[in-house]
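All remarks here apply to the structure that follows.
Residue numbers (UniProt numbering): 1 to 684.
What follows is the structure in structure tokens.
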């Protein structure tokens, strides 16, 4: 039905692709859009169907798609998709496997949400259980002792249906008298069926341990590492993604219910320091295109990998605040992702943080890598032919000792034998008269692979261009028009320079300056041909660590309220946390969940926490990430994640009011989300 509505309409599939592409992982390339358009030449081809398939492969949700259609103003398509979103049946309570005494009764429960008119049907094995058409199934244990029966529930509404997971009921002989309630509280009703196993992993692997038990009442779980309980590990399966040596140790699981408890065996988990061959694709924020192995005799130039570090400094402690770096870094990062670059983007770094970020960046480089792109937007200066990037904590009268020397970074990059070194410096190049030190950088190697793109000429300033509430640097405003072109990088920058020269307001004040000794036709669009899987896996691990968001979770409070905690990323060191009440008892008329007790070392402006709309956070990037967030949330913007000295822990404070009461009641739950995004790399 959507295909019929969007294939031929003026507000059709191309507009949908444009709006969906606001989220970079859903942005379609020109080749993909052309593939969609050519579907009209097939007898039953549909451009919309092709586009929806591309979005589905990138894990686009129905709600995100619905938000795009609403922005298009396509009411009919919205109605069609709204009915599909509402018709999804979700099982909220799954039946649990149990061990019961012979002669007792046991109940299994399956509860689901969805459209009105849900019906239930229980099965024992493949056979329907007669009359079992309610969420609860009560079973008389007529099965012989020592045997087990398997049960499952089907929930449907019309032609739409889904199944619960399987639950087995095991009957044990019981020589102890049964209590009046039909349950024997002294029965040994808790049994571990599957013990966790020891394992040896490499950094970057996924740790997976499992402890399965059955009992009546159903068992609960709590995992321990080195005899200490693990936050959020209350499921039969324990999974830790992208492990490091910090996760090595002894693991065990405490299994318990209302009457019994038992411990699993303790197992050792060893984690080495070298990554094995592993795929990290699910955790990468930017897709990494698979390129067939290249023929070494081919004249086509290729990179073993493409890596970029983008730094934007805005909020200086002792100098003029800048507006453009946030937009420039984001725009450049999104375009480089389309070119299959691994991008680390950071805002507002001190000198120590900039040094550590560069060191981590160098770990991503290897022979043949198109290293960098290293882009810097912020205050800077140039003395005696050397360029210096100014960190946000530089004193009012700074010298080279307080800053990072670009030429020193280049020396370190050359030691990694990279295939192409690109520096895009979006900063002023005025002389710093407070600094009369001539740094001894040393001679650079003659490698014929260096490109410097300066946003302005020597002894000149670089300017920002204000467009309403949004500011861009002059350099990036023109650079982003050409960055995706299949041109030698120096030719591309020449075109940017020509475009910049057409801007009347900066004529005679700012002009791009290009320094290069590049001898080959190297382009940002060149394909990737890895030398070996081990090297590629190591780079993927290092890069993926800086891009892992905490998983969304649900917090259950004593009053019966359930709160969803979700996460989104603006940059590698800036994270959005949102809270949303997803379930509340009928006698609670008003409730909201707020974040409190956020670590002091983070750059958190209290005016940018617990806001009712994303726009109130004050970030110009809100439209880029807010479409994927649910409605009716409170939003908080957490900056400076590179400053975290330990795992990110905070408190969710739930305030609610009962019907007929004026006063609010408060409940609090501590939350630990580990080290998100760049905090995983321990820059400090």
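Backbone N, C-alpha and C define an ideal beta-carbon position, used for all residues, glycine too.
Remember, it's a predicted structure, so these values are computed and weren't measured experimentally.
Would you kindly work out how many angstroms separate the C-alpha atoms of residue 605 and residue 302, rounded to a whole number? Mapped onto the chain shown, residue 605 falls at position 605. Mapped onto the chain shown, residue 302 falls at position 302. Taking the straight line from one Cα to the other gives about 45 Å.
Which class does residue 418 belong to by DSSP, given the choice of helix, strand or coil? Position 418 of the chain shown holds residue 418. Residue state, collapsed to three classes: coil.
So, with DSSP's three-state summary, where would you put residue 20? Within the chain shown, residue 20 is the residue found at index 20, counting from 1. Helix, per DSSP.
Measure how close the beta-carbons of residue 271 and residue 248 come, nearest whole angstrom, since I'm counting them as under 8 Å. Taking the chain shown and counting its residues from 1, the one referred to as residue 271 is at position 271. Taking the chain shown and counting its residues from 1, the one referred to as residue 248 is at position 248. Rounded, the Cβ-Cβ distance is 4 Å, consistent with contact.
With a CB to CB cut of under 6 Å and the five nearest residues on each side skipped, what residues in its chain are close to residue 630? By 1-based counting over the chain shown, the position of residue 630 is 630. Answer for residue 630: 580, listed in chain order.
Nearest candidate by alpha-carbon position, reference residue 12, set 71, 44, 673: Counted from its first residue, the chain shown places residue 12 at position 12. Per the Cα distances, 71.
Give the C-beta separation of residue 221 and residue 235 to the nearest angstrom, bearing in mind that I take them to be a contact with Cβ-Cβ under 8 Å. Here residue 221 refers to the residue found at position 221 when the chain shown is read from its first residue. Here residue 235 refers to the residue found at position 235 when the chain shown is read from its first residue. Yes, they are in contact, since the Cβ atoms of residue 221 and residue 235 sit about 6 Å apart, within 8 Å.
Does DSSP put residue 674 in a helix, a strand or coil? If you number the chain shown from 1, residue 674 lands on position 674. Here residue 674 sits in coil by DSSP.
Residues bridged to residue 156 by DSSP? One-based indexing of the chain shown puts residue 156 at position 156. In the DSSP secondary-structure assignment, residue 156 is bridged to 119, 161.
Can you look up residue 330 in the DSSP assignment and give me helix, strand or coil? As a first step, residue 330 is located in the chain shown; it is residue number 330 there, counting from the start. Looking at residue 330 - three-state DSSP - the assignment turns out to be helix.
Answer yes if the stretch 424 to 438 comes into contact with the stretch 377 to 396, meaning at least three C-beta pairs across the two stretches below 8 Å, and no otherwise. yes
Check whether the Cβ atoms of residue 563 and residue 654 sit closer than 8 Å, and answer yes or no. By 1-based counting over the chain shown, the position of residue 563 is 563. By 1-based counting over the chain shown, the position of residue 654 is 654. Yes, these two residues count as a Cβ contact at 8 Å.
Where residue 693 and residue 501 are concerned, what is the direct C-alpha to C-alpha distance, given to the nearest angstrom? Not covered by the structure: residue 693. The range shown for the chain is 1 to 684.
Hey, quick one: how far does the beta strand (DSSP E) through residue 578 stretch, first residue to last? In the chain shown, the residue the question calls residue 578 occupies position 578. That run of the beta strand (DSSP E) goes 574 to 583.
Please state whether DSSP places residue 615 in a helix, a strand or coil. The sequence position of residue 615 within the chain shown is 615, counting from 1. Note: residue 615 maps to helix in three-state DSSP.
With DSSP as the reference, please indicate the residues paired to residue 374 in a beta bridge. Here residue 374 refers to the residue found at position 374 of the chain shown. BP columns for residue 374 point to 309, 423.
By how many angstroms is the C-alpha of residue 200 removed from the C-alpha of residue 458? Position 458 of the chain shown, counting from 1, holds the residue named residue 458. Position 200 of the chain shown, counting from 1, holds the residue named residue 200. So the two alpha carbons sit approximately 55 Å from each other.
Under the three-state DSSP convention, the category residue 389 falls into: Taking the chain shown and counting its residues from 1, the one referred to as residue 389 is at position 389. Residue state, collapsed to three classes: strand.
Cβ pair count under 8 Å reaching 3, the stretch 632 to 646 against the stretch 346 to 359: Yes, the stretch 632 to 646 is in contact with the stretch 346 to 359.
Please classify residue 1 as buried or exposed, where buried requires at least 16 neighbouring CB atoms within 10 angstroms. Position 1 of the chain shown, counted from the start, is the residue given in the question as residue 1. By the 10 Å Cβ count, residue 1 comes out exposed.
Straight-line Cα distance separating residue 487 from residue 383: As a first step, residue 383 is located in the chain shown; it is residue number 383 there, counting from the start. As a first step, residue 487 is located in the chain shown; it is residue number 487 there, counting from the start. Residue 383 and residue 487: Cα-Cα distance of roughly 32 Å.
Residue range of the unbroken beta strand (DSSP E) whose run includes residue 522: Position 522 of the chain shown, counted from the start, is the residue given in the question as residue 522. First-last for residue 522: undefined, no H or E at that position.
Who pairs with residue 593 in a beta bridge, going by DSSP? On the chain shown, position 593 is the one that residue 593 refers to. Residue 593 is bridged to 654.
Can you tell me where the alpha helix (DSSP H) with residue 37 in it begins and where it stops? Start at 1 with the first residue of the chain shown, and residue 37 comes out as number 37. Note, residue 37: alpha helix (DSSP H), 30 to 37.
Can residue 219 and residue 257 be called in contact, C-beta distance under 8 Å? To locate residue 219, count along the chain shown from 1; it is residue 219. To locate residue 257, count along the chain shown from 1; it is residue 257. Yes; because the gap between Cβ atoms is below 8 Å, this pair is in contact.
Provide the residue(s) that pair with residue 383 in DSSP beta bridges, ordered along the chain. Taking the first residue of the chain shown as 1, we reach residue 383 at position 383. Looking at the DSSP assignment, residue 383 forms a beta bridge with 386.
Which residues in the same chain as residue 294 place their Cβ atom closer than 6 Å to its Cβ, once the five residues preceding and following it in sequence are excluded? Residue 294 sits at position 294 when you count from the first residue of the chain shown. Its pLDDT being 38, under 50, residue 294 is placed unreliably by the model, and the measurement read from it follows with that caveat. Closer than 6 Å at Cβ, skipping near neighbours: 302, 529.
For residue 78 and residue 159, I'd like the C-alpha separation in whole angstroms. Position 78 of the chain shown, counted from the first residue, corresponds to residue 78. Position 159 of the chain shown, counted from the first residue, corresponds to residue 159. Their Cα atoms are separated by approximately 22 Å.
Is the separation between the beta-carbon of residue 345 and that of residue 571 shorter than 8 Å? The residue labelled residue 345 in the question sits at position 345 within the chain shown. The residue labelled residue 571 in the question sits at position 571 within the chain shown. Yes, they are a contact pair.
Count the CB pairs spanning the stretch 438 to 448 and the stretch 401 to 418 that are closer than 8 Å, and state whether there are at least three. yes
Rounded C-beta distance between residue 652 and residue 602? I'm assuming under 8 Å. Here residue 652 refers to the residue found at position 652 when the chain shown is read from its first residue. Here residue 602 refers to the residue found at position 602 when the chain shown is read from its first residue. That pair is no contact at about 16 Å.
In whole angstroms, what separates the C-alpha of residue 403 from that of residue 389? Taking the first residue of the chain shown as position 1, residue 403 is located at position 403. Taking the first residue of the chain shown as position 1, residue 389 is located at position 389. Rounded to the nearest angstrom, the two C-alpha atoms are 6 Å apart.
Rounded C-alpha distance that separates residue 567 from residue 127: Reading the chain shown from its first residue, position 567 is the one you call residue 567. Reading the chain shown from its first residue, position 127 is the one you call residue 127. The straight-line gap from Cα to Cα measures roughly 43 Å.
Are residue 152 and residue 161 closer than 8 Å when you measure CB to CB? As a first step, residue 152 must be located in the chain shown, where it is residue number 152. As a first step, residue 161 must be located in the chain shown, where it is residue number 161. Not a contact, by the Cβ cut-off of 8 Å.
Span of the beta strand (DSSP E), counted from its first residue to its last, around residue 140: Position 140 of the chain shown, counting from 1, holds the residue named residue 140. Start and end: 136 to 140.
Who are the Cβ neighbours of residue 92 in its own chain at under 7 Å, not counting the five residues just before and after it? Position 92 of the chain shown holds residue 92. Closer than 7 Å at Cβ, skipping near neighbours: 111, 112, 113.
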